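Engineer: Heads up: the sequence shown at position 32 corresponds to 31 in numbering that gives the first Met the number 0, and the numbers run straight through without jumps.
Backbone N, C-alpha and C define an ideal beta-carbon position, used for all residues, glycine too.
Here the structure is a predicted model, which is why all the values come from computation and not from measurement.
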Amino acid sequence: MNFLVRAAIMALTFWLTSLIIDEHFFIVDNGTIAGTVIVIFVVACLFTLVNMIVKPIVQIISIPLYILTLGLFHLVINALMLMFTAWITEAVDWGIRLEGGFWWAVWIAFIIAVINLVITGIVPGDQSGRRR
Numbered sequence: 000m001n002f003l004v005r006a007a008i009m010a011l012t013f014w015l016t017s018l019i020i021d022e023h024f025f026i027v028d029n030g031t032i033a034g035t036v037i038v039i040f041v042v043a044c045l046f047t048l049v050n051m052i053v054k055p056i057v058q059i060i061s062i063p064l065y066i067l068t069l070g071l072f073h074l075v076i077n078a079l080m081l082m083f084t085a086w087i088t089e090a091v092d093w094g095i096r097l098e099g100g101f102w103w104a105v106w107i108a109f110i111i112a113v114i115n116l117v118i119t120g121i122v123p124g125d126q127s128g129r130r131r
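1) Quick one: grab the DSSP three-state call for Leu97.
2) From Phe101, Pro63, Asp21, pick the residue whose C-alpha is nearest to that of Leu81; which is it?
3) Does the stretch 3-17 touch the stretch 36-48, meaning 3 or more C-beta pairs lie closer than 8 Å?
4) Taking a contact to mean a Cβ-Cβ separation below 8 Å, would you say Leu97 touches Ala104 in this structure?
5) From Ala85, Val113, Val122, pick the residue whose C-alpha is nearest to that of Met15; which is it?
6) Less than 8 Å separating the beta-carbons of Val57 and Thr88?
Now the structure itself:
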């Protein structure tokens, strides 16, 4: 159940980010409204899986860079996870497209982090993954 809540929050975050960012840099459109909603939710599930599986491994490897940059490297890790998700979805010709390069991915990752922080603060309940 926690995975579905995380994926739903990420889907809402991706949708709000696609409204904020110009469509030439962050594209989540599929043509129809129902298709776009499905694609956003599937991409959010994929991004949540990438954050649950790949991100901890990359974070452990990059501990010295976290220390050196006083934690700002976390934004670069988020951008890399977003680029990895975009790469996976571009391979199957649906999902998100990052057209601006690495620095646009960093900017979009920052916007996603802020929106996700706000939404997670609003949504009631425990999203920490701990069972009661």
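Structural biologist: The relevant details are as follows:
1) strand
2) Phe101
3) yes
4) yes
5) At residue 15 the sequence reads Leu, which differs from the Met that was named. Considering only alpha carbons, the answer is Val113.
6) no
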